[in-house]
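J.:
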DNA sequence: CGTCTATTTGAGGTTGCTCAACCGTTGTGG
DNA sequence: CCACAACGGTTGAGCAACCTCAAATAGACG
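Chains as they are written, first to last, in our numbering: chain A, 1 to 249; chain B, 250 to 498.
1. Under 8 Å: do the segment 400-408 of chain B and the segment 440-449 of chain B share three or more Cβ pairs, one atom per stretch?
2. Only counting the same chain, and skipping five residues up and downstream in sequence, which positions put a Cβ closer than 6 Å to that of residue 11 of chain A?
3. Can you tell me whether residue 433 of chain B is buried or exposed? The criterion is at least 16 other CB atoms within 10 Å of its CB, across all chains shown.
4. Look up residue 331 of chain B in the DSSP assignment and say whether it is helix, strand or coil.
5. Counting C-beta neighbours from all protein chains within 10 Å, is the total for residue 437 of chain B 16 or more, i.e. buried, or is it exposed?
6. In angstroms, rounded to a whole number, what distance separates the CA positions of residue 467 of chain B and residue 59 of chain A?
7. Following the continuous alpha helix (DSSP H) through residue 204 of chain A, name the residue where it begins and the one where it ends.
8. Which whole-angstrom value describes the C-beta separation of residue 238 of chain A and residue 168 of chain A, a residue pair presumed to lie in contact below a C-beta threshold of 8 Å?
9. If we cut at 8 Å on Cβ distances, does residue 338 of chain B have a partner in chain A?
10. From residue 360 of chain B to residue 337 of chain B, what does the alpha carbon distance come to, in whole angstroms?
11. At a Cβ threshold of 8 Å, is residue 380 of chain B touching chain A?
12. Using a Cβ-Cβ cut-off of 6 Å (strictly less than) and excluding sequence neighbours within five positions of residue 62 of chain A, which residues of its own chain qualify?
13. Leaving out five residues on either side along the sequence, give the residues of the same chain with a beta carbon under 6 Å from the beta carbon of residue 489 of chain B.
14. Is the CB-CB distance between residue 100 of chain A and residue 136 of chain A below 8 Å?
15. State yes or no: is the beta carbon of residue 108 of chain A nearer than 8 Å to at least one beta carbon in chain B?
16. Note down the Cα distance separating residue 162 of chain A from residue 339 of chain B, rounded to an integer number of angstroms.
17. For the beta strand (DSSP E) containing residue 318 of chain B, name the first residue and the last one.
18. In angstroms, rounded to a whole number, what distance separates the CA positions of residue 118 of chain A and residue 78 of chain A?
19. Are any of the Cβ atoms in chain A nearer than 8 Å to that of residue 354 of chain B?
20. Taking Cβ-Cβ distances shorter than 7 Å, what residues in chain B pair up with residue 201 of chain A?
21. If I measure Cβ to Cβ from residue 80 of chain A and keep anything under 8 Å in the same chain, skipping five residues before and after, which residues do I get?
22. For residue 254 of chain A, does the count of other Cβ atoms within 10 angstroms reach 16, so buried, or fall short, so exposed?
23. By the 10 Å Cβ neighbour count, where 16 or more other Cβ atoms means buried, how is residue 413 of chain B classified, buried or exposed?
24. Taking only beta-carbon atoms, is residue 261 of chain B less than 8 Å away from chain A?
25. At what residues does the beta strand (DSSP E) containing residue 437 of chain B begin and finish?
26. Hey, could you find the ends of the alpha helix (DSSP H) residue 390 of chain B is sitting in?
27. Suppose you measure from the CA of residue 257 of chain A to the CA of residue 97 of chain A; what does that come to, to the nearest Å?
28. For the segment 28-42 of chain A, which residues have a beta carbon sitting closer than 9 Å to at least one beta carbon of chain B?
29. For residue 324 of chain B, count neighbouring Cβ atoms within 10 angstroms of its own Cβ and tell me buried if that reaches 16, exposed if not.
30. According to the Cβ coordinates, are residue 320 of chain B and residue 344 of chain B closer than 8 Å?
31. Quick one: residues in its chain with C-beta nearer than 8 Å to the C-beta of residue 409 of chain B, no 5 flanking neighbours on either side, listed in chain order?
32. Check the DSSP bridge columns for residue 369 of chain B and list the partner residues they point to.
33. Taking Cβ positions, are residue 148 of chain A and residue 389 of chain B nearer each other than 8 Å?
34. Use the C-beta contact count for residue 182 of chain A: other C-beta atoms within 10 angstroms, 16 or more gives buried, fewer gives exposed.
35. Give the DSSP-derived three-state secondary structure of residue 199 of chain A in the structure shown.
36. Along the segment 180-196 of chain A, where does the CB come closer than 7 Å to a CB of chain B? Name the residues.
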């Protein structure tokens, strides 16, 4: 019933009821913003707030969803496997949820997920999610909006993969990071380069060479530290496009 | 307000109100199945049923959604552009809808769409969709399920693109067609090979060579006609996986 | 029968992959 | 404190998958 309670060495410990303090945290999540009292209560009644150590396997593709997962703290990598290959579909930060689509349709996970850092997850029972969806229009709208945004993110990802070279994808990813940091000229890559390579859909070696090649286009890298020395130059090379690159679009 | 009424030579003619006969057609669409009377009425009140000639541009990426589009008849290609490149995201048959996510979020289209054949579309005003979503839980659930399925389709597409070679994608696409025709050994490709190539994310020349290469794996092609001479062999090569290839998964 | 468009084929270049060796950090045990 | 794994990343070499450009064919159509 709840595989999480027994999985992993020294890791997850179940807390059968979300305590007041932690409920406050959960409510602060964009996810539950503006919900009815009743709905919130129902969602939280069976919810668990759990910790997992880095590298813990959170869900496994093919399994059936028992909970909606919301990242409260830490970073989660969502990926798919095929034969002996594996690729990153997304990397999620605190405040984001995953596998809503599987929960909603009550279908098997298409993806697996692992903790990239130690994480804290809010686990909301799948049937509660479905029930509250039917009762609380505000929540229904929230879910649908989430699904719609997720859909659109993937449409962009498909365009990104099919229409751009790996260099272009990397360049645009860098611009994305820079923009997110309010235009700061340097930032640190928030996870392993191996993970970044998987996210961009290339081999780690190619990422390495691409970084080297971007020196020509106003980017300097040392370790996880990236400095954009010539933003205009990088933009000229990356040629970002609103429809693919604007997060809010 | 309604660009469709004036676009295209000899093409679309608007019908301000959906006639009874045509409403029956619309109601037969899976989309409106099980909806409340009131909801149906509201959706249909401002709906248009329109014809477009083959090749007509139905929506253009970057525009704002005025209607939810449902394919009543014919086939529609959904694609994205970037610089001078273009790629097919999906090909839709009768009964399927498109740009629900954009309508729901009231955001600009991420994709363009064109008619591959002469088509008949049901155009449901975007604000009606949003309004009925809030009023009719059955419709809300339908929409969310549609969004969730669309999301999952794209997750599979991303896996398909990132984890498989173009040969493998083609082989699995063939298996897909065969399975859809209840296991018949031969079928005709339902659109241009150029379109198929774009859907698979490769240049037309590569598709051509891939078809030739699949002769080794139990596939014979002449024109648009495909015959699977050795299903077991093709499956051994394609190695389909439920998580990526089962439509209902 | 010409004319167009779709597809195939050939040639040659690019991009990205794999394998293997190497480097720099980090962590460990003696 | 030092040698030595161990790990993540980089680099080099060779190969495979794809792409582009240019012709040659094959159909579809008037």
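Quick reminder that beta carbons are idealized off the backbone N, C-alpha and C, glycines included.
T.: On the basis of the coordinates in this document:
1. Contact fails between the segment 400-408 of chain B and the segment 440-449 of chain B, because fewer than three Cβ pairs, one in each stretch, are under 8 Å apart.
2. Any reading at residue 11 of chain A needs caution, since the residue's pLDDT is 36, under 50, leaving its predicted position unreliable; the model's value is listed next. Same-chain partners within the cutoff: 52, 53, 56.
3. Residue 433 of chain B counts as exposed, since fewer than 16 other beta carbons sit within 10 angstroms of its beta carbon.
4. strand
5. exposed
6. 37 Å
7. 204-213 is the span of the alpha helix (DSSP H), which, as asked, contains residue 204 of chain A.
8. 6 Å
9. yes
10. 9 Å
11. no
12. 108
13. 421, 424
14. no
15. Yes, its Cβ sits closer than 8 Å to a Cβ of chain B.
16. Cα to Cα, residue 162 of chain A sits roughly 13 Å from residue 339 of chain B.
17. 316-322
18. 15 Å
19. yes
20. 411
21. 61, 86, 87, 89, 110, 111, 112
22. The structure shown does not extend to residue 254 of chain A, since chain A is modelled only from 1 to 249, so the question has no answer here.
23. buried
24. Note that residue 261 of chain B scores a pLDDT of 41, beneath 50, so its modelled location is shaky and nothing firm can be said.
25. 435-437
26. 386-412
27. Outside the shown range of chain A (1 to 249) lies residue 257 of chain A, about which nothing can therefore be said.
28. none
29. Buried, since its Cβ has 16 or more Cβ neighbours within 10 Å.
30. yes
31. If the five residues before and after residue 409 of chain B are omitted, its C-beta is found closer than 8 Å to the C-beta atoms of 418, 421, 493, all from its own chain and listed in chain order.
32. B/300, B/322
33. no
34. exposed
35. Per DSSP, reduced to three states, the secondary structure at residue 199 of chain A is helical.
36. none
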